[in-house]
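Asks:
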Amino acid sequence: MSSSMLFNVTMIVYMVSTCIFFAFLASRSKAVGLAGTYAALFGFLVQTAAIGLRWKESYDQGHGHAPLSNLFESVVFFSWTIILIFLVIDFKYKYRAIGFFVVPFALFGMAWAQLGLDSGIEPLVPALQSNWLVYHVITCFLGYAAFAVACGISIMYLLREKLEQTGGNSPAGGVLSMFPSIKILDDLNYKAIMIGFPLLTLGIVTGAAWANYAWGTYWSWDPKETWSLIVWFVYAAFLHARITRGWVGRRAAILSIIGFAATIFCYLGVNLLLSGLHSYGK
Amino acid sequence: MTTNKRGLAQQLWDFFCSLRLTIFLLIGLALTSIIGTVIQQGPQREYLATLSETKIRLYSALGFFDMYHSWWFILLLYLLTLNLICCSIKRLPRVWKIVSEPVLVMDEAFQKSLTSVKELKLRGGKSELKDKLASLLKAEFAAPVVTERDGAYHLFAQKNRWCRLGVYVVHFSIIIIFIGALIGSFFGYKGYVNIPEGGAISQVATRGGKMVDLGYQVRCEKFTVTFYDTGAPKEFKSLLTVLENGQPVPGYQSVPVIVNDPLTYKGVTFYQSSYGPSDEGALYHISVRNRSTGAQVKLDGRQGERLALPGGAFLSVMEATQDVRPFMKGFDGPGAQVEFTPAGGKPQPFVILSSRYDSFNAEHGGDLIITFDGMDQKFFTGLQVANDPGVLVVWLGCLLMVIGICMAFFMSHKRVWARISDDGVTVGGSASKNPAGFEMSFDELVQKLNKA
């Protein structure tokens with residue numbers, strides 16, 4: 001058994017989970033919703049095993065390192081963190097409909113990694129040979145994942161808001177009726193960002209600490225650093241907007257979606273389109 | 283006139299205290315920061331060549347080539363700092379009052395402002411009830427303060443009151459980080475230095491173009507680079523020695539410095555950053571053996587040098603490497619690209635390897651078998667040099683920021699009041715965050731108190 005096989009299983013399970021969540025929206029059966037969550041949990045466990053196995057495989061090849069060193073490994077880890085944050089929020093608040101808007105992010109990540117990216121295990125280049133790699137990548141991606149969950153919830157908010165405005169007579173109303181109310185969605189959006197913002201802050205701080213340790217400069221306005229700061233600014237604006245009148249609900253949901261778009265650009269756009277210090281992520 | 287002036291000052295104050303300004307500045311900083319990630323910073327010739335002249339003039343006028351140090355970007359940062367200072371000054375006293383002077387007595391008016399209020403079904407002597415409730419509160423929540431007023435006992439208990447200051451800790455931490463950055467830019471420097479193997483330096487060129495005297499010498503004893511089987515670099519290593527008055531400093535002799543493991547001496551840190559062949563050039567070692575007689579000659583030469591071989595032929599080494607793995611699959615060890623000119627013949631280019639690949643080497647060279655025995659390549663090591671006295675201040679700011687964010691996001695100031703009067707016992711509670719979660723724990727607490 002190889003990690004690659006387990007990653008394929010993971011991808012299929014996430015696809016199944018997404019389908020079950022859709023069936024939940026259509027059938028409105030609580031049992032189906034729970035099945036969707038358990039499918040996601042099963043996929044998460046398989047993926048955890050696969051990441052562990054890949055870690056071991058790198059040791060078997062003689063240059064062991066945490067599987068967080070290239071684009072394939074980071075996309076896989078990103079989808080793992082998305083499911084982790086989703087499961088935490090799911091078990092705490094039990095709004096199963098969110099699964100249909102969050103699990104697809106993880107599914108998309110796994111599909112892209114498995115079908116479109118080079119999955120070879122490469123030894124670590126000197127710049128990455130540091131324990132900071134683990135702290136930095138884990139905090140950043142947990143933050144990104146929380147923002148992905150917030151983005152999914154915000155999309156639900158905008159859909160559900162439309163339904164409440166039109167009075168629930170649209171044909172899609174049946175599916176949307178399984179959504180939590182907009183008040184709850186607004187609150188969940190805020191809660192997910194409350195998880196993500198401290199983690200992103202820690203990610204930026206550990207990145208700065210590592211940069212200072214490796215290059216002697218904690219901040220050099222490299223595109224990656226700058227974009228992480230842009231994301232930080234957007235969510236800081238979101239948090240301050242909450243205490244100003246008129247910036248809850250719809251505007252908050254839009255800001256959260258913009259924030260996640262900036263996050264994705266920070267993660268992928270910078271590596272694929274701009275040049276800079278994080279070029280090993282290509 | 284005076285009212286006008288006061289009016290203006292008041293308006294300015296309100297302007298800088300407003301949250302709308304905060305949101306405007308944060309989004310403004312986010313949007314403008316994008317510019318510097320799209321336009322390459324620090325004008326590089328190749329990049330400038332791709333731009334039209336009007337663009338170059340426009341960009342330099344707007345400071346886009348050094349955007350993050352342009353006057354308007356710095357101004358935005360100062361405005362944000364001013365904004366958060368004003369906001370904190372305006373709001374801190376009110377919050378400080380909640381923290382330092384808690385409302386000890388829940389009267390009717392205050393009771394109405396609370397979301398969680400319950401009547402207890404307890405009957406008995408007031409004093410006796412007070413003691414019971416006080417000990418229960420202490421066990422289940424927090425030790426209460428007891429106040430007696432108008433023939434009634436008032437209990438007040440609270441948890442995590444300091445978390446109300448979390449927001450201000452975060453604001454303060456941002457100012458600390460800015461101070462650290464300013465200290466670094468005024469009193470520190472960033473520089474770069476190349477040291478050839480065996481050579482020493484005592485000065486460093488800063489990014490600002492100045493020369494800084496270190497007051498001691500740094501010598502590079504040796505530089506090595508190793509590769510993985512795949513040809514990817516594995517390790518860049520310099521052995522550095524610090525010399526004071528020409529004498530090696532104990533403990534600072536031949537210190538290995540690799541990427542992610544720098545050397546610090548007297549506040550200045552040296553980071554492994556790059557390397558290259560030193561000006562002196564490599565010395566190549568070559569053996570030449572006659573196929574029929576077996577007579578062997580050893581030769582040394584530098585790049586491009588024409589070496590006379592026995593029998594009238596000539597050989598020049600064009601290029602060589604210590605390790606051919608990145609270039610030739612299935613081979614390793616040293617290798618050289620040479621140009622061999624037989625006596626009276628035309629130059630022939632080919633590759634020679636070490637003596638382990640004798641049959642490979644025998645494919646060329648006419649009467650001679652030419653073997654590459656390796657090379658002495660001297661390198662220079664490129665070191666990033668930094669002296670930043672503000673860096674500890676920046677870390678202090680970062681630490682405060684993380685602590686402040688955790689206080690502000692994950693802790694909740696919970697307060698519980700109890701009033702024991704002739705009319706019965708009333709309990710009220712409030713929390714600064716997560717009202718739904720507090721409601722549940724409040725109901726649980728009330729149930730426990732009811733059993734008193």
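These protein sequence lines are chains A and F, in that order.
Quick note, in the numbering used here, the first sequence goes up one by one and the last residue is 282.
Quick note, in the numbering used here, the second sequence goes up one by one and the last residue is 734.
Think of the CB as a built atom: it goes at the ideal place given N, C-alpha and C, for glycine as much as any other residue.
#1: My output table needs one value for F:ALA644: the three-state DSSP class, helix, strand or coil.
#2: Quick one: list the residues of chain A neighbouring F:ILE540, beta-carbon separation under 9 Å, in chain order.
#3: Going by DSSP, which residues form a beta bridge with F:GLY664?
#4: In terms of alpha-carbon separation, which member of A:PHE91, A:VAL270, A:VAL102 and A:GLY62 lies closest to A:TYR14?
#5: Are the C-beta atoms of A:PRO123 and some chain F residue less than 7 Å apart?
#6: Going straight from the alpha carbon of A:THR48 to that of A:TRP80, what length do you get?
#7: With H, G and I counted as helix, E and B as strand and the rest as coil, what does DSSP make of A:GLN114?
#8: Should A:ALA236 be flagged as near chain F, meaning a C-beta pair shorter than 7 Å?
#9: I need the straight-line Cα distance from A:HIS236 to F:ILE367, nearest angstrom please.
#10: In chain order, which continuous runs of the alpha helix (DSSP H) of length 4 or greater are located wholly inside the stretch 28-88 of chain A?
#11: With DSSP run on the structure shown, which of helix, strand or coil describes A:ALA241?
#12: If you compare alpha carbons, which of A:LEU273, A:LEU268 and A:LEU274 is closest to A:LEU112?
#13: Per DSSP, what are the beta-bridge partners of F:HIS567 in this structure?
#14: Any beta-carbon of chain A closer than 7 Å to the one on F:ILE687?
#15: Identify, in the order they occur along the chain, each residue of the same chain with its Cβ nearer than 8 Å to the Cβ of F:LEU358, setting aside the five sequence neighbours on each side.
#16: Are any of the Cβ atoms in chain F nearer than 7 Å to that of A:ILE182?
#17: Using a Cβ-Cβ cut-off of 7 Å, state whether A:PHE147 counts as contacting chain C.
#18: Please name the residue or residues paired with F:LEU493 in a DSSP beta bridge.
#19: Scan the stretch 298-324 of chain F for residues whose Cβ lies nearer than 7 Å to a Cβ of chain A and list them as they occur along the chain.
#20: Please report how far the alpha carbon of A:LEU128 lies from the alpha carbon of A:VAL134, in whole angstroms.
#21: Hey, could you find the ends of the beta strand (DSSP E) F:ARG431 is sitting in?
#22: Whole-angstrom Cβ separation of F:HIS695 and F:ASN476, contact assumed at under 8 Å?
#23: Determine, using beta carbons only, whether A:GLY36 and A:SER58 come nearer to each other than 7 Å.
#24: Assuming A:LEU68 and A:PHE78 are in contact, meaning their beta carbons sit under 8 Å apart, how far apart are those beta carbons, in whole angstroms?
#25: Identify the residues that DSSP records as bridge partners of F:TYR471: which are they?
#26: Name the two residues that bound the continuous beta strand (DSSP E) containing F:GLY318.
#27: Quick one: what does DSSP say A:ARG160 is sitting in, helix, strand or coil?
#28: May I ask you to list, following chain order, the residues of the stretch 346-365 of chain F that have a beta carbon less than 7 Å from some beta carbon of chain A?
#29: Could you list which residues in chain F have their beta carbon closer than 9 Å to that of A:ASN8, in chain order?
#30: Going by CA-CA distance only, name the one from F:ASN542, F:PHE661, F:LYS519 and F:LEU303 that's closest to A:GLY130.
#31: Is it right to say F:THR319 is buried, meaning 16 or more other beta carbons lie within 10 angstroms of its own, or is it exposed?
#32: Quick one: list the residues of chain A neighbouring F:TYR510, beta-carbon separation under 8 Å, in chain order.
#33: So, for F:PRO671: in the same chain, excluding its five sequence neighbours on each side, which residues have a beta-carbon less than 8 Å away from its beta-carbon?
#34: Shorter than 7 Å from the beta carbon of F:CYS680 to some beta carbon of chain A?
#35: Whose C-alpha, out of F:ILE317, F:ASN527, F:THR363 and F:LEU361, is nearest the C-alpha of F:PRO345?
#36: For A:GLY281, which residues from the same chain have a beta carbon less than 6 Å from its beta carbon, with the 5 sequence-adjacent residues on both sides left out?
Replies: This is what the structure gives:
#1: coil
#2: PRO126 and GLN129
#3: F:ASN476 and F:SER556
#4: A:VAL102
#5: yes
#6: 8 Å
#7: helix
#8: yes
#9: Note that residue 236 of chain A corresponds to Ala in the displayed sequence, not to His. Rounded to the nearest angstrom, the two C-alpha atoms are 16 Å apart.
#10: 30-60
#11: helix
#12: In the sequence as presented, Leu is not what sits at residue 112 of chain A; that position holds Trp. Nearest of A:LEU273, A:LEU268 and A:LEU274 to A:TRP112, Cα basis: A:LEU268.
#13: F:ASP582 and F:GLY656
#14: yes
#15: LEU307, GLY310, LEU311 and THR314
#16: no
#17: In the structure shown, chain C does not exist; the protein chains are A and F.
#18: It is Met, not Leu, that sits at residue 493 of chain F in the sequence shown. DSSP lists F:ALA487 as partners of F:MET493.
#19: LEU301, ARG302, THR304, ILE305, LEU308, ILE309, LEU311, ALA312, SER315, ILE316, GLY318, THR319 and GLN323
#20: 10 Å
#21: 427-431
#22: That pair is no contact at about 57 Å.
#23: no
#24: That belief does not hold up - the Cβ atoms of A:LEU68 and A:PHE78 are roughly 10 Å apart, past 8 Å.
#25: F:ASN669
#26: That residue, F:GLY318, is in no beta strand (DSSP E); its alpha helix (DSSP H) goes 301-320.
#27: helix
#28: TYR350
#29: Going along chain F, no residue has its Cβ under 9 Å from A:ASN8, so there is no contact; the nearest lies around 25 Å.
#30: Checking the sequence, you will find Ser at residue 130 of chain A rather than Gly. Answer by Cα proximity: F:ASN542.
#31: buried
#32: HIS63 and PRO123
#33: ILE465, GLY466, PHE469, GLY470 and GLY549
#34: yes
#35: A quick correction: the sequence has Gly, not Pro, at residue 345 of chain F. It is F:ILE317 whose Cα lies nearest to the Cα of F:GLY345.
#36: Low confidence applies here, because A:GLY281 scores a pLDDT of 47, under 50, leaving its location unreliable; read the following figure in that light. So the qualifying residues of the chain are LEU71 and ASN271.
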